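K.L.:
Residue numbers (my numbering): 9 to 440.
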Ligand SMILES: Cc1cc2nc3c(=O)[nH]c(=O)nc-3n(C[C@H](O)[C@H](O)[C@H](O)COP(=O)(O)OP(=O)(O)OC[C@H]3O[C@@H](n4cnc5c(N)ncnc54)[C@H](O)[C@@H]3O)c2cc1C
């Protein structure tokens, strides 16, 4: 008899798991609450083309997703290009694409510029990352770069990414980010990044088609509202029985689904991991803002962590000549900015863009969109390894496989693919 599986969530984790299980002959049902698959890497249309709601690229060392793309025979969609990275600080732009740029970085005195370079060495020499679990990123970076290096370069990035929780972030999170970025550098230290022609959503759609071709079903527009050991129920009242159910959604949403079926102590354990939200303003512009793809905003007077000009990586011709710019803000969802309307958020952002790019005028804006996600990033605090729940739950046939369990690496579609595949293998082998 065919083994049956219900997968809750049609993001990259759920789709990858579904793909490998369908390939192995399992009867697969994936449930996605939204109209489209892709989850956090999902898209909307600009001039008929997919564009990610939240900016996305890969590092060249993201091999798990590259392997999957090859398996799907879609490797001709992979685009790898060098990108320009910059930093905005004290009303000035600084190039930060290579080690030489670092040495010319005037906001730091010469000694601290050199100390900044030591971070690369410090990252490489970490043999046992578990030792970093008891140190905050702040203390670790201050020790390596000194107070000035930390305050000018790293603190704004940490605050930009984690808001008021910045000082509680573990050194493991930062170490791993720097390690990954270092691994995506080509000759002379320049950064190469990868993108998918047609957008990440078109990769998700190809996976969905393959699952359908192998007899599986991806149900879109179908939120799961309750889960028991043997079945799930969708918002439209239908019940699907299965041998196994895997939940790939954020932990607080898993808590909600399981709260009537499991002990309160398990729910408390799931709720120990906190998340931070993200608001992303996507601008479709007549003109380009700058030549930089990824601009880190280190100026404490600016509320955005980054200005990402996507069309300095993927050609503007893909979007019929429109220049695409993202402004990203991570923040707890109880803050006023998270709860602004689209128009309020746009009006809030405009003066900052004008200050940063004095030639910019509002009539460059052809269209804009504001995307929000409450569970955009788990908060990786000290001793995070002790907070992560296991894959099993008190219900023997219900498993969890979610972004917050990825560690010491951070979230990312590459790891969603790795974890989705690993879970499929565990299920096929009978280990789970
Ligand atoms: C601002 C931002 C920038 C990012 N940049 C990058 C990047 O450059 N490169 C990269 O690789 N990654 C990036 N990521 C991370 C990446 O998007 C995620 O790690 C990855 O997409 C997670 O996939 P997932 O399937 O684990 O989870 P999700 O994508 O969260 O998928 C879970 C799915 O479950 C669905 N769902 C939730 N509740 C229910 C329910 N009750 N019933 C049915 N369905 C439900 C959701 O709609 C969602 O589709 C970024 C993320 C953000 C927020």
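Backbone N, C-alpha and C fix where the C-beta goes; we use that ideal spot for every residue, glycine too.
Since this is a predicted model, take the numbers as computed values, not measurements.
So residue 360 and residue 312 are in contact, right, with Cβ under 8 angstroms, and what is the actual spacing, rounded?
P.N.:
The count along the chain shown starts at 1 and reaches residue 360 at position 352. The count along the chain shown starts at 1 and reaches residue 312 at position 304. Contact flag correct, Cβ pair sits at about 7 angstroms.
K.L.:
Quick check on DSSP: helix, strand or coil for residue 9?
P.N.:
For this step, residue 9 is matched to residue 1 along the chain shown. DSSP places residue 9 in coil when its eight states are reduced to three.
K.L.:
Per DSSP, residue 411 is paired with what?
P.N.:
As a working note, residue 411 is residue 403 in the chain shown. DSSP, once it has assigned bridges, lists no residue as partnering residue 411.
K.L.:
Rounded to whole angstroms, how far is the Cβ of residue 124 from the Cβ of residue 161, which I believe are closer than 8 angstroms?
P.N.:
Working through the chain shown from its first residue, we reach residue 124 at position 116. Working through the chain shown from its first residue, we reach residue 161 at position 153. Yes, residue 124 and residue 161 are in contact; Cβ-Cβ is about 6 angstroms, under 8 angstroms.
K.L.:
What first and last residue would you give for the beta strand (DSSP E) that runs through residue 39?
P.N.:
Taking the first residue of the chain shown as position 1, residue 39 is located at position 31. Start and end: 35–39.
K.L.:
For residue 291 and residue 397, I'd like the C-alpha separation in whole angstroms.
P.N.:
As a first step, residue 291 must be located in the chain shown, where it is residue number 283. As a first step, residue 397 must be located in the chain shown, where it is residue number 389. If I take the Cα positions, the gap works out to 38 angstroms.
K.L.:
So residue 90 is in the alpha helix (DSSP H); what residue range does that whole segment cover?
P.N.:
Along the chain shown, read from residue 1 onward, the residue named residue 90 stands at position 82. Where residue 90 is concerned, there is no enclosing alpha helix (DSSP H), although the beta strand (DSSP E) it sits in stretches over 86–90.
K.L.:
Can you give me the Cβ contacts of residue 222 inside the same chain, cut-off strictly under 7 angstroms, excluding the 5 residues immediately before and after it?
P.N.:
Taking the first residue of the chain shown as position 1, residue 222 is located at position 214. Hits under 7 angstroms: 30 and 31.
K.L.:
Rank 15, 401 and 21 by C-alpha distance to the C-alpha of residue 428 and give the top, closest one.
P.N.:
As a position in the chain shown, residue 428 is number 420, starting the count at 1. Nearest C-alpha to residue 428: 21.
K.L.:
How far does the beta strand (DSSP E) with residue 155 in it reach, from first residue to last?
P.N.:
Against the chain shown, residue 155 aligns to sequence position 147. Per DSSP, residue 155 belongs to no beta strand (DSSP E); it is in the alpha helix (DSSP H), 145–157.
K.L.:
Pick out whichever of 381, 81, 366 and 320 has its Cα sitting closest to the Cα of residue 345.
P.N.:
For the purposes of this step, residue 345 is taken as residue 337 along the chain shown, with counting starting at 1. Among 381, 81, 366 and 320, the Cα nearest to that of residue 345 is on 381.
K.L.:
Counting only the same chain and skipping the five closest in sequence on each side, list residues whose C-beta sits under 8 angstroms from that of residue 262.
P.N.:
Here residue 262 corresponds to residue number 254 of the chain shown, with the count starting at 1. Cβ within range, chain order: 255, 278, 408 and 410.
K.L.:
By how many angstroms is the C-alpha of residue 170 removed from the C-alpha of residue 315?
P.N.:
The sequence position of residue 315 within the chain shown is 307, counting from 1. The sequence position of residue 170 within the chain shown is 162, counting from 1. Going by the C-alpha atoms only, they are around 17 angstroms apart.
K.L.:
Starting from residue 357, trace the alpha helix (DSSP H) in both directions and tell me its first and last residue.
P.N.:
Position 349 of the chain shown holds residue 357. 350–364 is the span of the alpha helix (DSSP H), which, as asked, contains residue 357.
K.L.:
What are the complete beta strand (DSSP E) segments, minimum 3 residues, inside the stretch 270–315?
P.N.:
DSSP runs (the beta strand (DSSP E)) wholly in the stretch 270–315: 283–293 and 302–305.
K.L.:
Need the endpoints of the beta strand (DSSP E) that residue 24 sits in, please.
P.N.:
Locating residue 24 in the chain shown gives position 16, counting from the first residue. Element bounds for residue 24: not the beta strand (DSSP E) but the alpha helix (DSSP H), 20–31.
K.L.:
Any chance you could list the alpha helix (DSSP H) runs of at least 4 consecutive residues sitting entirely within the stretch 160–210, in chain order?
P.N.:
Listed in chain order, they are 163–170 and 179–190.
K.L.:
Under 9 angstroms between the Cβ atoms of residue 48 and residue 384?
P.N.:
As a first step, residue 48 is located in the chain shown; it is residue number 40 there, counting from the start. As a first step, residue 384 is located in the chain shown; it is residue number 376 there, counting from the start. Yes, these two residues count as a Cβ contact at 9 angstroms.
K.L.:
So, are the CB atoms of residue 267 and residue 257 less than 9 angstroms apart?
P.N.:
Here residue 267 corresponds to residue number 259 of the chain shown, with the count starting at 1. Here residue 257 corresponds to residue number 249 of the chain shown, with the count starting at 1. Result no, Cβ atoms of residue 267 and residue 257 do not sit closer than 9 angstroms.
K.L.:
Pull up the distance between the alpha-carbon of residue 433 and that of residue 247, whole angstroms please.
P.N.:
For the purposes of this step, residue 433 is taken as the residue at position 425 of the chain shown. For the purposes of this step, residue 247 is taken as the residue at position 239 of the chain shown. Taking the straight line from one Cα to the other gives about 26 angstroms.
K.L.:
Does the Cβ-Cβ distance between residue 374 and residue 330 come in under 9 angstroms?
P.N.:
As a working note, residue 374 is residue 366 in the chain shown. As a working note, residue 330 is residue 322 in the chain shown. For residue 374 and residue 330, yes; Cβs fall inside 9 angstroms.
K.L.:
Just the C-alpha distance for residue 377 and residue 54, rounded to the nearest angstrom, thanks.
P.N.:
Indexing the chain shown from 1 puts residue 377 at position 369. Indexing the chain shown from 1 puts residue 54 at position 46. Cα to Cα, residue 377 sits roughly 11 angstroms from residue 54.
K.L.:
With 16 other CB atoms within 10 Å as the buried threshold, where does residue 272 fall?
P.N.:
Translated into the one-based positions of the chain shown, residue 272 becomes position 264. Label assigned to residue 272: exposed.
K.L.:
Please go through the same chain and pick out, in chain order, the residues whose beta-carbon is closer than 6 angstroms to the beta-carbon of residue 140, but skip the five residues on each side of it.
P.N.:
If you number the chain shown from 1, residue 140 lands on position 132. Excluding residues within five positions, the ones whose Cβ falls inside 6 angstroms are 179, 180 and 183.
K.L.:
On the criterion of 16 or more Cβ atoms from any shown chain inside 10 Å, does residue 72 qualify as buried, or is it exposed?
P.N.:
The count along the chain shown starts at 1 and reaches residue 72 at position 64. The residue is buried, with at least 16 neighbouring Cβ atoms inside 10 Å.
K.L.:
Between the alpha carbons of residue 74 and residue 86, how many angstroms are there, rounded?
P.N.:
In the chain shown, the residue the question calls residue 74 occupies position 66. In the chain shown, the residue the question calls residue 86 occupies position 78. If you take the alpha carbons of residue 74 and residue 86, they lie about 8 angstroms apart.
K.L.:
Examine the Cβ distances between the stretch 360–369 and the stretch 114–124 and report whether three or more of them are shorter than 8 angstroms.
P.N.:
Judged by Cβ distances under 8 angstroms, the stretch 360–369 makes no contact with the stretch 114–124, as fewer than three pairs qualify.
K.L.:
Is it the case that the CB of residue 276 approaches a heavy atom of ligand 1 more closely than 8 angstroms?
P.N.:
On the chain shown, position 268 is the one that residue 276 refers to. Incorrect: residue 276 has no Cβ contact closer than 8 angstroms to ligand 1.
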